[in-house]
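Enquirer: Reading the sequence shown from the start, the letters are residues -26 to -1, 1 to 159 in mature numbering (1 follows the signal peptide of the UniProt record, and there is no 0).
Even glycine gets a Cβ: it sits at the ideal position worked out from N, Cα and C.
Being a predicted model, the structure only gives us computed values, none of them experimental.
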Amino acid sequence: MLKSIFRASLLCVSLAACSTSLTALHADLRKSADAIGTPVSDADIAAWNIDVAPDGHGLPAGSGDVAMGGKVFAAKCAACHGAKGEGLIGDQLIGGRGTLASANPKRTVGSYWPYATTLFDYIRRAMPYNAPQSLSADEVYAVSAWILNQNGIVPDDARLDAHSLASVRMPNRDGFVADPRPGRL
């Protein structure tokens, strides 16, 4: 009986020691987990909050014309997309109008994309591939103008800015079906 009491006491002391060790270990782990990462400031978020809506909400100040866009495209885009936007290792951007219902559809900016603002958003966010977000707003407006011009959507003398880009009506604007699911994203 004395041995049983001794064993029970030894077990209680061991469990108490483990409990204290586990509590300390848990506190150390919690402190380590809280130290992971860095608090994000409003300025940090603003640098990445660059999305542009189909209606043009989010477009920055600035402007660019077709001529400037041709120069920027030649210098920073043609290596992947071809000198005339015909596609190389990057997607074809020009042409394809009237092919969507064919056996060989070409989903280019001019044939498929529903909004010109999406073009601006994509270029600004992801291009050039080797240096995303390196183009100025003026350069993105200019490249957008050049691509839209090459697709016959804006004239040779077009200068795009937040207002005029949002006003561009793309050829396939009505080629998409609205999302029937309830709620908003």
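To which residues of the same chain is Gly132 closer than 8 Å at the C-beta, ignoring the five residues directly before and after it?
Expert: The sequence position of residue 132 within the sequence shown is 158, counting from 1. Here residue 132 is Ala; the residue named in the question, Gly, does not match the sequence. Once the five neighbours on either side are set aside, the close Cβ partners of Ala132 are Asp39, Val40, Ala119, Leu122, Asn123 and Ser138.
Enquirer: Considering Ala119, what are the terminal residues of the alpha helix (DSSP H) in which it resides?
Expert: Numbered from its first residue, the sequence shown carries residue 119 at position 145. Ala111 to Gln124 is the span of the alpha helix (DSSP H), which, as asked, contains Ala119.
Enquirer: Between the Cα of Phe94 and those of Ser15, Asn104, Gly32 and Asp130, spot the shortest distance and give me the residue it belongs to.
Expert: The residue given as residue 94 occupies position 120 in the sequence shown. Out of Ser15, Asn104, Gly32 and Asp130, Gly32 has the C-alpha closest to the C-alpha of Phe94.
Enquirer: Pick helix, strand or coil for Leu134, following the three-state DSSP scheme.
Expert: Taking the sequence shown and counting its residues from 1, one reaches residue 134 at position 160. Strand, per DSSP.
Enquirer: Would DSSP call Tyr96 helix, strand or coil?
Expert: By 1-based counting over the sequence shown, the position of residue 96 is 122. DSSP places Tyr96 in helix when its eight states are reduced to three.
Enquirer: Please classify Thr(-4) as buried or exposed, where buried requires at least 16 neighbouring CB atoms within 10 angstroms.
Expert: Reading the sequence shown from its first residue, position 23 is the one you call residue -4. Under this definition Thr(-4) is an exposed residue.
Enquirer: Just reading off the alpha helix (DSSP H) that Trp22 is part of, what are its end residues?
Expert: Translated into positions along the sequence shown, residue 22 becomes position 48. It spans Asp16 to Trp22 - the alpha helix (DSSP H) in which Trp22 sits, taken as one unbroken run.
Enquirer: Output yes or no for whether 8 Å exceeds the beta carbon distance between Pro27 and Thr82.
Expert: To locate residue 27, count along the sequence shown from 1; it is residue 53. To locate residue 82, count along the sequence shown from 1; it is residue 108. Note on identity: in this sequence residue 27 is Ala, with Pro being the wrong assignment. No, these two residues do not count as a Cβ contact at 8 Å.
Enquirer: Classify Gly61 as helix, strand or coil using the three-state DSSP reduction.
Expert: Along the sequence shown, one-based indexing puts residue 61 at 87. Reduced to three states, the DSSP call for Gly61 is coil.
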